[in-house]
Amino acid sequence: MTLSSRGATAPARRSGVWRVSPWLYLAPAILTLVVWIYWPLVDALRLSFYQWNMLPTSPQLFVGWENYQRIFALPKFWQALRNTGIYVLGLLPLSVLIPLAIAIYTHDLPARWRNIYRAIIFVPMIIAPVVAAAVWRWLLDPGYGMVNLMIEWFGFDPVKFLADPKVAIWTIIAITGWKLIGFSTLILSAANANINPSLIEAARMDGASKWEIIRDIRLPLLSSSVLFLVMMTILLGAQWSFTYINVLTGGGPLGATTNIYYLLWDFGFSTMSVGWGSASAVILFLGFGAIAFVLFRLIDRYSFHDN
Amino acid sequence: MAELVLSHLKKSYDGKQVLHGVDVTLPDGHFVVIVGPSGCGKSTLLRMIAGLEDVTEGTISIGGIVMNDIDPADRGCAMVFQNYALYPHMTVRQNIAYPLRIAKVAQAERDRRVEEAAAILNLTEYLDRRPAQLSGGQRQRVAMGRAIVREPEVFLFDEPLSNLDALLRVQMRIEIKRLHKRLKATSIFVTHDQVEAMTLADTLIVMNGGRVEQIGSPAEVYRKPASVFVAGFMGAPAMNLIDASVDVDGLVALDIAPHLPVAEAQGVAKGTPLVLGMRPEAITLSFDSSRGLPATVDLVEELGGSRVAYCTVNGRELAVVLPPSDERYEGREVYLQFDRRAWHLFDRTTGTRLDNLVQPRASTRRLAEA
Amino acid sequence: MAELVLSHLKKSYDGKQVLHGVDVTLPDGHFVVIVGPSGCGKSTLLRMIAGLEDVTEGTISIGGIVMNDIDPADRGCAMVFQNYALYPHMTVRQNIAYPLRIAKVAQAERDRRVEEAAAILNLTEYLDRRPAQLSGGQRQRVAMGRAIVREPEVFLFDEPLSNLDALLRVQMRIEIKRLHKRLKATSIFVTHDQVEAMTLADTLIVMNGGRVEQIGSPAEVYRKPASVFVAGFMGAPAMNLIDASVDVDGLVALDIAPHLPVAEAQGVAKGTPLVLGMRPEAITLSFDSSRGLPATVDLVEELGGSRVAYCTVNGRELAVVLPPSDERYEGREVYLQFDRRAWHLFDRTTGTRLDNLVQPRASTRRLAEA
Amino acid sequence: MRKKTAAGTGLNSAAGHLVMVLMSIFCLFPVYWMVATSFRPTNAIFETSLWPTTMSLDNYVYALNAIPIVQMLVNTLVVSVVVTVIQLFTGLLAAYAFARWRFPLDKLVYTGVALTWLVPFQVVMIPNYLLVAQMGLLDSVVALILPHFASALAILLLAQSMRSFPKEVIEAARMDGARSWRILWEIMTPNLRGTIASLAILIFISTWNEYFWPLLLSRTPENSVIQIGIQMFMTAEGNQWGPLMAASTMASLPILLIYVILQRQVIQSFMKSGIR
Amino acid sequence: QAIPATIDQPVTITFYNYNLGSAGIGAEATRKLINEFMAANPNVTVEGVPYSSADASRIQADLAAGLPVDLVQTVFSDLDFAVTNFGAQALEDIIPAEELTAHFAGMHPNGLKLGVLNGKTYGLAYTFSTPVLFYNADLFRAAGLDPDQPPKTWAAVKEAALTIEEKTDAEGFAAGITGPSAGDWLFQGVIRSNGGEVISRDRTTLKFAEPEAVEAVAMLRDLYDAGVYDSLDIAAAMEGMAAGNFGMYLQTSAVQGVLVAGAENNFELRASTMPSFGDKPVRPNNSGSALTIHTTDPLKQRAAWELMKFLTSEHGYTIITSEIGYLPLRPAIVDDPQYLGDWIKAHPLVQPNLEQLDVLEPWDPMPGPNYRQIVKTMMDSVEMAVFGGADVQATLADAQANAQALMP
Ligand SMILES: Nc1ncnc2c1ncn2[C@@H]1O[C@H](COP(=O)(O)OP(=O)(O)OP(=O)(O)O)[C@@H](O)[C@H]1O
Ligand SMILES: Nc1ncnc2c1ncn2[C@@H]1O[C@H](COP(=O)(O)OP(=O)(O)OP(=O)(O)O)[C@@H](O)[C@H]1O
Ligand SMILES: O=P(O)(O)OC[C@H](O)CO
Ligand SMILES: [Mg+2]
Ligand SMILES: [Mg+2]
């Protein structure tokens, strides 16, 4: 085998191949995303300025910003926006704080216990949202639900978990959180387990107590994972609760459990007006996109690379 | 005050013993280096002193107080880790100040001590950087800074230089030595690099397989290795170790040159298998066929200041240090001559040194230097 | 045939030039070591030869064929990486066989070549292990095995030993040298360890800041460093570099001892700033106050076979190699004597060597050796 | 001087265990309740004993007769497995492009992929439906799979872990003569097992549990999936609790079983994956 | 292009049916009817397409996709939209008059009215029912009330509820007037019973903030303030009633099956007609759906009409009433032992329902493309006024103004 023969069989210029191959690899994914997501999205942007019932026989009527104006004028819009905030704030303890505590706490447990607890906590994650909604509805019923029977057993009045406007939103939050805890715990446990153990030892040598180690070392180093989950909660929290709202309260009572996502779905997508629906979609996409942008910047800033 | 005494110290992991009883007394202010091959238990020992590992058996006392059950932070030890273990989210200043913050030292005092440590370590201009923005050597210095500010009675170093490149390693080695001169705290330094061990130690502890093989000054260990292991481990190029035995006449004879009895073995039974050690510096090489053992030069390594020739004598390889020259040795027939004053004799079965047993005799001397 | 020619080779990353035109011709079968400090462009150069980086300007030709646009796999080069770069999911056998599998070598032939390589590298008994189950040295050998089976015309090594511990590094170094003798393929070995560089190279290329500083045999480079950089970089302990200048009388005088003109500088303008280099081996130390420059010993490093004393002369530190002894030097007043045959003189502005310019004079000689 | 306190002992940890046990009950009880209720006979459905006093399979019999549950489970399994495989495949390809090369617009494309995560399903639901209808794929299992040929989650996650894969190993393979395709499948993929496994689990679970898209598409029960089957027991005239819980149990059972069997691997693979 | 008189070639029609979307008796009865029809008409293949009554997006999407939508089970509130957007055909336009007359014979005139919009019959009432006041006779007895004298007016309802709450552990009253899936059908009946209406007869002006309506809502508010009426979602209320935890429950008769199942071996369930406002006449309206023909193909129209006739025949209504639980539009079959005679005797609960047929009024669909938002806006405000502590008049007026803006 001589070099010259190698040279001769060598493929054409690498630089040429370089330009095409990434696109070849990307093609299936991009094609899918463009066809199934971007094309509808772009179309939605256009249609958000029209009034149309989607039927081929009906005309598309250009209405300018009217769809947007109407959405912002919805009486419940601001309530839904405020509720969205409550959802996010309410979900954070369940999607971040408790999992964080569990991840940190179980880290020091004997491996057997650690695995058992983590396994159990992951179970809700695999239950379908519709099923979860049905089961919780059952458990929380004021008349015959287990939870209320327990409450009565302790001598309190039954709580109308889904009917009391002051309680309902927290009920939905709790159910949404119930589904999420396992996933968050797993992510944070993984991140926690990946903290270089010698950092912890260094801190022990430095005299830090267990709590100080958590406060000064573990939490800062978990911050990027925590921020990631915070971001997921903010961006997707409203979506995650959607099924439960849809199945359990329909946004009520008195709009107490509606959120921006459900409201826009309710007024936009579930009716026959493509314009409304599209405008809703655009608002959601842009709003959450902006939040995502800010959060990504934050995450970048707070990721520390240990060694 | 900060004398460190380890007695009968044993350690097992899940029933598997990795330290088999270590007894050492380290005087206050000494710089002690623990050296040994990978897995011999150096880190384990150090981490037990630090309090990061539980003691299975035996006691650790520092300054007369048994420390077995004392929290790591309260033993007066500071540790520098191999991978620096800097807190990545803190600046250099915060890293160094952390132990003080935990100890609730007042802000002003804290600042003063951090500045001081930074000045000693030439870190002043990096105080506001994060570890990720520092080079390896700088990180190592920060790790040291964090240890210094605590003003510990004992410094513990676990291979602190092994992540650095060769040049930096030499520099940092010298810095650590200087620092020790200045701070005078008892220091225990773990390494498996024998140059580091030699150059840094006041007292050298050579470990192997969970046991202490030898304790002594570097010169002592180098010149009088207590066992075959130590002989082979310390020194580069490594000591030539050649099988030998006591022949019928009570003379020590090399297996590769049985006709060349080299010494009289007093008090050693005939037929006892031995190992004879000769440092490569203690062998001279010439082309004069009238002198020494015939050998072939396989390979010569140029070291600039010197050269090392690897020669074969009866199938056994011997390293020989040569002075710098342009002479081409490779592939040539040469003759090796041994400096008998630098012979080391070991019991081949137990591996222990047989000291004062080698008495050069007139007859053998003549032969050896012939 | 596999002569390697680099001409006017330049490399820029995002407009930032990191190689400033490298011209080198490497004869077939040579073992070439590229040495230089971190970031000087060694890896970049090697990777360009391998085809892993594009060429910004200039050409690379192997065996007379310009390789700039040839796929890495088709250049006849094999590369051994610093962190081994073994395929973690494959056994040793699969790792070594992988290039053959890709080349569609028949199973039988493949097995034969893998077994052969494994035998050469003493890996036979590990063939069915995964990389994770191997020690560092074994992994390094597997990486080498993978390179060998391809029977490449050029071997490229990028700091292949720097992840190994000191002892293993020495062993592997010798193995690589042996292997090269056996396979005789042109080899380019990148390192920043100068012992490795000295011991392995037929030809040594010293790089600095994207430029070649010197090309030559290790002995040449050691004995006649072409620049201050090379002088300071090669040799441990490093060469002492002392500022000097040509005084009014046309004599070279040390800044630290201006009354001690040491040589006549031919062809150098008066007042020209110079640097004088002296290897630590070329300085002798005595307590005899009648001879040499007075100095204080700060620190002595014990190296077993030798010792290094760090002495201060007029605030400037000089390293001196001492023979082994028990003498305590630290803190004492001593006198340094220079071996004038081993002086190196450099232009302080350009850093280049001023050769044949130093002529010892009777008068200066007397002074220097006084 | 402080005494050393060994981790995980003493009162402190007893309290911790208590909290964890409560937490575990919180997580498990609803699932238990679902199973328990599914075995209660119709007239005892509102019973509140922890353990069904009388066990009956009536709900299962009813549910199995009312809707083709077995067929639905098979459909769900097929959809979930196929979607998982395809999404991993396209994800690996795309992630590889991002991790391996710099190319014009790469950042933009990457962001574009990431942003699809934020597009609510309801936005694309109707247009996708129209497209599927045009393709003549309504009421087919294929239509359930098509829009899931690629997902941002898979691409981003894989790209992230590919980026942290040692570059030198790739380069070694290039030197060994492997082209990008081989490198992807022979070098990259086998080493991303942890990420791939946990990603596969996530995709599988979310496909298994998918509801809105099948709901829109389902026309005949035989061609739809189990979540639709469950939903069929929830009506405006009241939920048929017994059969609903029986169907829910049957829907959860396969995935629960897989989880119990693979539990350790699932958690391990998450720990080892780049999902952090 | 008149429709052919007979079907002499094979034809396939789609039947969009929301009963098919759930499991159980509704779906089974529907499938049974379809199969019987196909057996009788071998040339017609009926493809049952399930959809969700909660949103008609399936129909809209299929129309947009150009798929055939031939016969639809249309919820009455969607009727306007079905006509203006989904192309529901007026029967008078496609079916020969004599055929219509023949088929309509024997149908209750009030029932026929339900599917009439702008003077034309677009749909035939198919599965529909009226609001019924269910009550727990055991609780009545326990509270010292006479179960044979159920409350007939809202005032009596309040009184009975207060008594029940006082004397027993149970809640007094529940109703499906408000809530996420309630729509506005029951509400329309309540307002009408007080002489008001939610939308003007010409269907251009909303009127749910007019004094009569406000008064009716204030009455509900009063029930809430008295502590006998709570905001509960449909399922909770229904299951509460089924479990025996409520004294009275005003809801569509369609939930009867669930309540009967819960009451069995548990308590005695009875039913009465919708309560009135003092002496004013009760004006209940219907819930449920009509059948609408959407196809424009004459042959398919014929097939659809045949199916429609079959489903609304004596036999069809017998199955619908006895197996699904809705009302028969043909009064004659109620006493006819060939059809429902025996069944009615065995199920006395359906009686008040039948009584109300005589005073039944249509469930008015809201007009225009935003009809769902109009309903939503209205019902949200009602919920707010009744349960949310808001001022009734102001809340309704505000909502009416908002909703009016959504009218076409
Ligand atoms: N946590 C542990 N569990 C079980 N065995 C351990 C543990 N830590 C260390 N060992 C074992 O104890 C022995 C000593 O390990 P140690 O880390 O002290 O070696 P070392 O001398 O520091 O080696 P190196 O030079 O590689 O750092 C080894 O055999 C190791 O496998
Ligand atoms: N991909 C890259 N993009 C931009 N700059 C680079 C890149 N790779 C290397 N460089 C720069 O090129 C210079 C030479 O790098 P190179 O890796 O060749 O150094 P080296 O001599 O191998 O150093 P070391 O001994 O640390 O491996 C450095 O300044 C480095 O920062
Ligand atoms: O068939 P029904 O009686 O459940 O009526 C359907 C509802 O009114 C739709 O909102
Ligand atoms: Mg160690
Ligand atoms: Mg490099």
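Residue numbers (the working numbering), protein chains in the order written: chain A, 213 to 519; chain B, 2 to 371; chain C, 2 to 371; chain D, 86 to 361; chain E, 24 to 431.
Beta carbons are placed, not taken as given, at the ideal position from N, Cα and C, and that holds for glycine.
Confirm the yes/no value for this check: CB of residue 463(A), any heavy atom of ligand 2, distance under 7 Å. no
Ignoring anything shorter than 4 residues, give me the alpha helix (DSSP H) runs that lie fully in the segment 91 to 175 of chain C, in order along the chain. 93 to 103, 108 to 121, 137 to 150
Counting Cβ pairs closer than 8 Å, one from the segment 224 to 239 of chain E and one from the segment 416 to 423 of chain E, do we hit at least three? yes
Excluding sequence positions up to five away, which residues of its chain have a Cβ less than 6 Å from the Cβ of residue 449(A)? 299, 300, 303
Which residues neighbour ligand 1 when neighbourhood means a C-beta less than 5 Å away from any of its non-hydrogen atoms? List them by chain order. 14(B), 19(B), 39(B), 40(B), 41(B), 42(B), 43(B), 44(B), 45(B), 193(B)
Express the C-alpha separation of residue 188(E) and residue 208(E) in angstroms, rounding to a whole number. 28 Å
Where the segment 95 to 125 of chain C meets chain B: residues whose CB sits under 7 Å from a CB there: Taking 7 Å as the upper bound on Cβ-Cβ separation, chain B lies near no residue of the segment 95 to 125 of chain C.
Endpoints, the beta strand (DSSP E) within which residue 386(E) is located: Per DSSP, residue 386(E) belongs to no beta strand (DSSP E) and is neither H nor E.
Just to confirm my understanding: we take residue 119(D), look at its own chain, exclude 5 residues before and 5 after, and list those with CB closer than 8 Å. What are they? 330, 333, 334, 337
Counting only beta-carbon atoms, is residue 479(A) nearer than 8 Å to chain E? yes
Does the segment 3 to 20 of chain C come close enough to the segment 161 to 180 of chain C that 3 or more CB-CB pairs lie under 8 Å? no
Any heavy atom of ligand 2 closer than 7 Å to the CB of residue 37(C)? yes
With the cut-off set at 8 Å, would you say residue 50(C) and residue 43(C) are in Cβ contact? no
Residue 296(E), DSSP secondary structure in three states: coil
Just curious, the alpha helix (DSSP H) that residue 334(A) is in, first and last residue? Segment 323 to 338, the alpha helix (DSSP H) holding residue 334(A).
So, at 8 Å on beta carbons, what are the nonlocal neighbours of residue 342(E) in its own chain, with the 5 sequence-adjacent residues on each side left out? In its chain, beyond the 5 residues on either side, 52, 55, 56 have a beta carbon closer than 8 Å to the beta carbon of residue 342(E).
To the nearest angstrom, how far is it from the Cα of residue 480(E) to the Cα of residue 147(E)? Nothing in the structure corresponds to residue 480(E), since chain E is present only between 24 and 431.
Quick one: is residue 393(A) buried, meaning 16 or more other Cβ sit within 10 Å of its Cβ, or exposed? buried
Cβ-Cβ distance between residue 399(A) and residue 412(A) below 8 Å: Going by C-beta atoms, residue 399(A) is not nearer than 8 Å to residue 412(A).
Segment contact, 8 Å Cβ cut-off, at least three pairs: the segment 227 to 238 of chain C with the segment 190 to 206 of chain C: Under the 8 Å Cβ criterion, the segment 227 to 238 of chain C counts as touching the segment 190 to 206 of chain C, having at least three qualifying pairs.
Per-residue contacts from residue 49(C) into chain D (C-beta, under 7 Å): Neighbours of residue 49(C) on chain D: none; closest Cβ ~13 Å, over 7 Å.
On the CB-based measure, 16 or more other CB atoms within 10 Å of its CB, does residue 372(A) come out buried or exposed? buried
Cα-Cα separation between residue 375(E) and residue 296(E), rounded to whole angstroms: 5 Å
Closer than 8 Å to chain G by CB, residue 89(B): No chain G appears in this structure, whose protein chains are A, B, C, D and E.
Mind listing the chain D neighbours of residue 90(E)? Cutoff is C-beta to C-beta under 9 Å, in chain order. 218, 223
Would residue 151(D) count as contacting chain E if we go by Cβ distances under 8 Å? Residue 151(D) counts as touching chain E.
To the nearest whole angstrom, what separates the beta carbons of residue 92(C) and residue 151(C), a pair I think is in contact under 8 Å? Not a contact, Cβ separation roughly 18 Å.
Measuring alpha carbon to alpha carbon, tell me which of 460(A), 278(A), 349(A) ends up nearest residue 485(A). Ranking the options by Cα distance to residue 485(A), first place goes to 278(A).
Taking only the alpha-carbon atoms, compute the straight-line gap between residue 294(B) and residue 247(B) and give it to the nearest angstrom. 19 Å
Look up residue 112(D) in the DSSP assignment and say whether it is helix, strand or coil. helix
Tell me whether the beta-carbon of residue 330(A) lies closer than 8 Å to the beta-carbon of residue 397(A). Contact flag set, yes.
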